[in-house]
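Enquirer:
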Amino acid sequence: MSATTATEGRSKRRGRYDAGVLKYREMGYWQPDYLPKDTDVIALFRITPQENVDPEEAAAAVAGESSTATWTVVWTDRLTACDAYRAKAYRVDPVPNTGAGAGVEQQYFAYIAYELDLFEEGSIANLTASIIGNVFGFKPLKALRLEDMRIPVAYVKTFQGPATGIVVERERLDKFGRPLLGATTKPKLGLSGRNYGRVVYEALKGGLDFVKDDENINSQPFMHWRDRFLFCMEAVNRASAVTGEVKGHYLNVTAATMEDMYERAEFARELGSIIVMIDLVIGYTAIQSMAKWARRNDMILHLHRAGHSTYTRQKNHGVAFRVIAKWMRLAGVDHIHAGTVVGKLEGDPAIIAGIYDTLREPYTGADLTHALFFDQDWAGLRKVMPVASGGIHAGQMHQLLTYLGEDVVLQFGGGTIGHPDGIHAGATANRVALEAIVQARNEGVDIWNEGLEVLQKAARWCAPLRAALDTWRDVTFNYTSTDTADFVPTETASV
Amino acid sequence: MQPTGQEQSAQGVDLQALLAEARVNEVLEQLDAELVGLAPVKQRVREISAFLLVARAREMLGIQSETPSMHMCFTGNPGTGKTTVATRMADILQRLGCIRRSSVVAVTRDDLVGQYIGHTAPKTKEVLKRAMGGVLFIDEAYYLYRPENERDYGQEAIEILLQVMEANSSDLVVILAGYKERMQTFFSANPGVYSRIAHHIDFPDYSAAELLQIAEIMAQRMRYRFDDESRATMQRYIQRRIRRPNFSNARSIRNALDRARLRQANRLFECAAAGERTRAEELTLIHAQDLLASRVFRGDAE
Amino acid sequence: MRITQGAFSFLPDLSDEQIRAQIDYALRQGWALAVEFTEDPHPRNTYWEMWGMPMFDVQDAAAVLYEVNACRRAYPGRYIRLNAFDATRGFETVRLSFIVQRPEQEPHFELTRSEGPGRRVRYSMRTIGAGRG
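Protein chains in written order, with my numbering: chain A, 377 to 871; chain B, 3 to 304; chain C, 1208 to 1340.
#1: Here's a check: name, in chain order, each residue in its chain whose Cβ is nearer than 6 Å to the Cβ of serine 595 of chain A, leaving out the five neighbours to either side.
#2: Flag glycine 116 of chain B as yes if its beta-carbon sits less than 8 Å from any beta-carbon of chain C, otherwise no.
#3: Are threonine 1300 of chain C and threonine 619 of chain A close, meaning C-beta to C-beta below 8 Å?
#4: For glutamine 18 of chain B, which of helix, strand or coil comes out of DSSP?
#5: Which chain A residues sit within Cβ distance under 7 Å of valine 1301 of chain C?
#6: Does any C-beta atom of chain A lie closer than 8 Å to the C-beta of isoleucine 1210 of chain C?
#7: Using Cβ-Cβ distances below 9 Å, what residues of the stretch 170 to 183 of chain B are close to chain C?
#8: Since serine 616 of chain A meets chain C, which of its residues come closer than 9 Å, beta carbon to beta carbon?
#9: So does the stretch 581 to 590 of chain A actually touch the stretch 609 to 624 of chain A, counting three or more Cβ pairs closer than 8 Å?
#10: If we count the other Cβ atoms within 10 Å of its Cβ and call it buried at 16 or more, is glutamine 96 of chain B buried or exposed?
#11: Around the C-beta of tryptophan 848 of chain A, are 16 or more other C-beta atoms found within 10 angstroms, so that it is buried, or is it exposed?
#12: Kindly give me the distance between the Cβ atoms of valine 808 of chain A and proline 555 of chain A, rounded to whole angstroms, as I take these residues to be in contact under 8 Å.
#13: Does any C-beta atom of chain B lie closer than 8 Å to the C-beta of aspartate 1293 of chain C?
#14: Using beta-carbon positions only, say whether arginine 261 of chain B and serine 296 of chain B come within less than 8 Å of one another.
#15: Check whether the stretch 33 to 43 of chain B and the stretch 199 to 219 of chain B touch, using three or more Cβ-Cβ pairs below 8 Å as the test.
#16: Contact check, alanine 764 of chain A vs alanine 747 of chain A under 8 Å by CB: the rounded distance?
#17: What are the start and end residues of each continuous beta strand (DSSP E) run of 3 or more residues lying completely inside the stretch 68 to 117 of chain B, in chain order?
#18: Looking at chain A, which residues of the stretch 1211 to 1225 of chain C have a Cβ within less than 9 Å of any of its Cβ atoms?
#19: In or out: glycine 513 of chain A buried (at least 16 other Cβ within 10 Å) or exposed?
#20: If we cut at 8 Å on Cβ distances, does tyrosine 474 of chain A have a partner in chain C?
#21: Counting only beta-carbon separations shorter than 8 Å, does leucine 606 of chain A have a partner in chain C?
#22: Beta-carbon of alanine 949 of chain A versus every beta-carbon of chain C: anything under 8 Å?
#23: Suppose contacts are defined by Cβ-Cβ distances below 8 Å. Is valine 137 of chain B in contact with valine 175 of chain B by that definition?
#24: So, under 8 Å CB-CB, isoleucine 712 of chain A and leucine 757 of chain A are touching, yes? Tell me the CB distance rounded to an integer number of Å.
#25: Quick check on DSSP: helix, strand or coil for aspartate 743 of chain A?
#26: Do you know how far the Cα of leucine 17 of chain B is from the Cα of glutamate 23 of chain B?
#27: Count the other CB atoms, across all protein chains shown, that sit within 10 Å of the CB of leucine 264 of chain B; report buried if there are 16 or more and exposed otherwise.
#28: Mapping the DSSP letters down to three states, classify proline 472 of chain A as helix, strand or coil.
#29: Is valine 438 of chain A near alanine 486 of chain A, with beta carbons less than 8 Å apart?
#30: Taking the beta carbon of valine 166 of chain B as the centre, do at least 16 other beta carbons fall within 10 Å, making it buried, or is it exposed?
#31: Listed in chain order, which residues of the stretch 128 to 157 of chain B have Cβ atoms closer than 7 Å to some Cβ of chain C?
#32: Can you tell which of A/Arg672, A/Asp859, A/Ala770 has the C-alpha that lies nearest to the C-alpha of alanine 835 of chain A?
#33: Could you tell me which chain C residues have their CB closer than 9 Å to the CB of asparagine 592 of chain A, listed as they occur along the chain?
#34: Would you call the CB atoms of arginine 671 of chain A and alanine 539 of chain A closer than 8 Å?
#35: Residues of the stretch 642 to 657 of chain A with a CB closer than 8 Å to any CB of chain C: list them in chain order, please.
#36: Show which residues of chain A have a CB atom less than 8 Å away from the CB atom of glutamine 1266 of chain C.
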């Protein structure tokens, strides 16, 4: 294309703002010499470009389409300080073990920096609309995954963060030194309020700290929410009186509208519950509203990550769960389901470790072997308690403690309610198993290798545990993970 | 701390192997290297080590069930190495499995005794708790006992000490230290304490020759040296100093060297003209002059 | 009833050896041990009586057990627990807490329900039999 203006001094080369279509990299979205500022938001995308699209152009396109560009030059750009608002793709690396000979198409990691001014303070909705709102359907890309994000302290500080946090939660429960225990009432659907409450009472009396509503228990024909709340709180209080412990039940306040949610949450508070729960599907705005409400009302806020696997599970496309975890910590939830490693749901150990560190550390350091690409300073934001739920049982207690540590809620739904001798026995089996393993670990026992013996020794005086071990001894879920780390620790790996 | 691989049977115990495993010899060698002279003390330390080793062997063979008392008393004048030996002893005790940690908490009466009613017990207990697992070294322990002052709380501290020495003998080893005669007076007034002390070690004063050796070692460590003249002067200094009051053995030598260094520095400054270079040899030498300036050579105390 | 507060209440009461092992664990982590006692184990009774100060400078389990035993001798009929405190940034809280003595006769809790409008119930718990052990 030739120059189209007659203004003197204009070169024959095409001008930046002349009408027409330019490559993104020529529009300023690819800046390999750019040094990200401490105040920039940085996003790491995993790009699978279409054939004949070169990686820098693809990265520049992602930067462009997630900030200021459109597919053709627009003169109105010149009414803005467009250089500042433009996102800058500053680095592109090929992903190891992809491309020719690896059995998967060549992928690239693209690092893109965004100016702080692009984002509204304290708004996850805005942060996400900005970064993932536009770019994922973009044709020149075969697949795109938001792999990780670095949120600058300047932006972190505009968020409330977890309403309660791990430390205060433990101080309210008066429970220190061991993981917390929970269970989801089973069957998932169909119980009436009164029968539902019976499950809660038995489980809490038997030794669990929490029981929870399932994500789809909201208010259905078989059980209206008010009945559930009333019967559950009766169960919680009665169990507290017979054990002397603080107990709780996550009352699910998810509803069709925000107004309904506030009504349910207020009722839970009135009845004296210490915790409520919400599902991820209510949306980021609702989640932030609930977090604000929770802090104002001294309530622990549990988040079920319903629906996340639709976009977090495949390695080449979607949003990695660690990014969701970061957003949720900023938004202000206190609990979030984050994987079990050994249970029935997806979870590679290295990936899960990275996610747990994202939730629990005051400063999460970069660690490529855990797929953490950035140092993330949480600027004093409270810590989120990860919840491990799905297909775990007492016989795995030593593995769970080793993989997941102490600040975690271990939820044994089937593992409690499916116990051959009843729910109370199931809860006791889990609690005894947990305490025995923690005691042994503190004494210096190698629980990874000798954990099963510790459990069997405890089973000799605890009949419910014996029955649990006998029933589920050999149950494991060994499938290949779909989401794994790209960087594996080896002697020769240089990452 | 248990030495491993020993046969606990009628075949007996390999004492040398036990000793080697416990690596006690390293500590004894360290003691030899660190402290000049003190031959009788080093001998006693060896004897006590052997005794404890045998006690361990007897325990392993099931002959002995009670751990022997390990509380000790070190007597001697100041500057004779009592604190150093206490630290090495703690090392040895830990390596022989008699105590859990080789730490030494060193205190005097003021750390144990309070100023008013009710102050002593918590103070003493805090010190004891801090020292548990290791060694408690009480210097000039006889000051705990002041019978002439009826409002003195030292007795309370002594009683608490006794209780712990008895009940927690596997948790704490107490080493008392001080002048020989005064310790004897203390013990005769407090037979309960005396009965719990298993080992007494007396630290003799250093001989003049030993003190000269100590002076050489100290100087060397500080990167100074004597020439023949100053060495002879040092020898004369020592002989005079010994006879004067408040002689504290190695400590006095240290003080003398410090004063000599001060005089040396001033001498060098006075002699150095502008633009002149002072050589390294001069900076390290302690001249006889630097010692002769001492009032020890002036004959009378001031 | 047997009150199940603390990290190890579902296990048989810990022996002194087992308590010592837990103290050693806490000391290895750099936590400070503190002894507390009470006659009222109500779950909302946060502030048990302190037996002396938290032992910030103690390095050896024997010293902690010394205080536990002193507390046991002074209050044979009370609940006694050990708290291990972690002062590092990001925690600044108790990391481990477990009961080391229970009264012979443990109290129980009476649940009172005050009925409100609709089917609302207000719950409160009262300790019955505290200090009897």
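Each residue gets a CB set at the ideal place from its N, CA and C atoms; glycine is no exception.
Expert: The relevant details are as follows:
#1: On the first sequence, position 219 is the one that residue 595 of chain A refers to. Within the same chain, serine 595 of chain A has close Cβ partners Trp601.
#2: If you number the second sequence from 1, residue 116 of chain B lands on position 114. No - not a single Cβ of chain C is within 8 Å of the one on glycine 116 of chain B.
#3: Walking along the third sequence from the start, residue 1300 of chain C turns up at place 93. Walking along the first sequence from the start, residue 619 of chain A turns up at place 243. No. Outside cutoff.
#4: For this step, residue 18 of chain B is matched to residue 16 along the second sequence. Helix at glutamine 18 of chain B.
#5: Working through the third sequence from its first residue, we reach residue 1301 of chain C at position 94. Residues of chain A passing the Cβ test: Phe552.
#6: Working through the third sequence from its first residue, we reach residue 1210 of chain C at position 3. At a cut-off of 8 Å between beta carbons, isoleucine 1210 of chain C contacts chain A.
#7: Correct list: Asn170, Ser172, Asp173, Leu174.
#8: Here residue 616 of chain A is taken as the residue at index 240 of the first sequence, counted from 1. Chain C residues near serine 616 of chain A: Pro1250, Phe1316, Leu1318, Tyr1330, Met1332.
#9: yes
#10: Residue mapping note: residue 96 of chain B aligns to position 94 of the second sequence, counting from 1. Flag for glutamine 96 of chain B reads buried.
#11: Here residue 848 of chain A refers to the residue found at position 472 of the first sequence. Tryptophan 848 of chain A is buried by the Cβ-count criterion.
#12: Here residue 808 of chain A is taken as the residue at index 432 of the first sequence, counted from 1. Here residue 555 of chain A is taken as the residue at index 179 of the first sequence, counted from 1. About 14 Å separates the two Cβ atoms, so there is no contact after all.
#13: Here residue 1293 of chain C refers to the residue found at position 86 when the third sequence is read from its first residue. Chain B places no beta carbon closer than 8 Å to that of aspartate 1293 of chain C, leaving this residue out of the contacts.
#14: Walking along the second sequence from the start, residue 261 of chain B turns up at place 259. Walking along the second sequence from the start, residue 296 of chain B turns up at place 294. Their beta carbons are under 8 Å apart, which means arginine 261 of chain B touches serine 296 of chain B by this criterion.
#15: yes
#16: The residue labelled residue 764 of chain A in the question sits at position 388 within the first sequence. The residue labelled residue 747 of chain A in the question sits at position 371 within the first sequence. Going by Cβ atoms, the distance from alanine 764 of chain A to alanine 747 of chain A rounds to 19 Å, so no, they are not a contact pair.
#17: 74 to 78, 106 to 109
#18: Residues passing the 9 Å Cβ filter: Thr1211, Gln1212, Gly1213, Ala1214, Phe1215, Ser1216, Phe1217, Leu1218, Pro1219, Leu1221, Gln1225.
#19: Residue 513 of chain A sits at position 137 when you count from the first residue of the first sequence. By the neighbour-count rule (16 or more Cβ atoms within 10 Å), glycine 513 of chain A is not buried but exposed.
#20: Translated into the one-based positions of the first sequence, residue 474 of chain A becomes position 98. It is threonine, not tyrosine, that sits at residue 474 of chain A in the sequence shown. No, threonine 474 of chain A does not count as interfacial toward chain C.
#21: Counted from its first residue, the first sequence places residue 606 of chain A at position 230. True, the Cβ-Cβ gap to chain C drops below 8 Å.
#22: The displayed coordinates of chain A run from 377 to 871. Any statement about residue 949 of chain A would go beyond what the structure contains.
#23: The residue given as residue 137 of chain B occupies position 135 in the second sequence. The residue given as residue 175 of chain B occupies position 173 in the second sequence. Yes, Cβ-Cβ distance for valine 137 of chain B and valine 175 of chain B is below 8 Å.
#24: The sequence position of residue 712 of chain A within the first sequence is 336, counting from 1. The sequence position of residue 757 of chain A within the first sequence is 381, counting from 1. Incorrect: roughly 14 Å between the Cβ atoms, too far for contact.
#25: Counted from its first residue, the first sequence places residue 743 of chain A at position 367. DSSP places aspartate 743 of chain A in strand when its eight states are reduced to three.
#26: Residue 23 of chain B sits at position 21 when you count from the first residue of the second sequence. Residue 17 of chain B sits at position 15 when you count from the first residue of the second sequence. Roughly 10 Å between the two C-alpha positions.
#27: Residue numbering aside, residue 264 of chain B sits at position 262 when the second sequence is read from its first letter. It counts as exposed.
#28: Locating residue 472 of chain A in the first sequence gives position 96, where the first residue counts as 1. It is coil, neither helix nor strand.
#29: By 1-based counting over the first sequence, the position of residue 438 of chain A is 62. By 1-based counting over the first sequence, the position of residue 486 of chain A is 110. If you check the CB distance, valine 438 of chain A and alanine 486 of chain A come in under 8 Å.
#30: As a first step, residue 166 of chain B is located in the second sequence; it is residue number 164 there, counting from the start. When all chains shown are included, valine 166 of chain B counts as buried.
#31: Lys131, Arg132, Met134, Gly135
#32: Numbered from its first residue, the first sequence carries residue 835 of chain A at position 459. Nearest option by C-alpha distance: A/Ala770.
#33: Your numbering for residue 592 of chain A matches position 216 in the first sequence. By Cβ distance, chain C contributes nothing, its closest Cβ being about 25 Å from asparagine 592 of chain A, past 9 Å.
#34: Stepping through the first sequence from its first residue, residue 671 of chain A is reached at position 295. Stepping through the first sequence from its first residue, residue 539 of chain A is reached at position 163. Against a cut-off of 8 Å, the Cβ pair of alanine 539 of chain A and arginine 671 of chain A comes out as a contact.
#35: Glu646, Leu647, Gly648
#36: In the third sequence, residue 1266 of chain C corresponds to position 59, counting from 1. Residues of chain A passing the Cβ test: none, with the nearest at roughly 17 Å.
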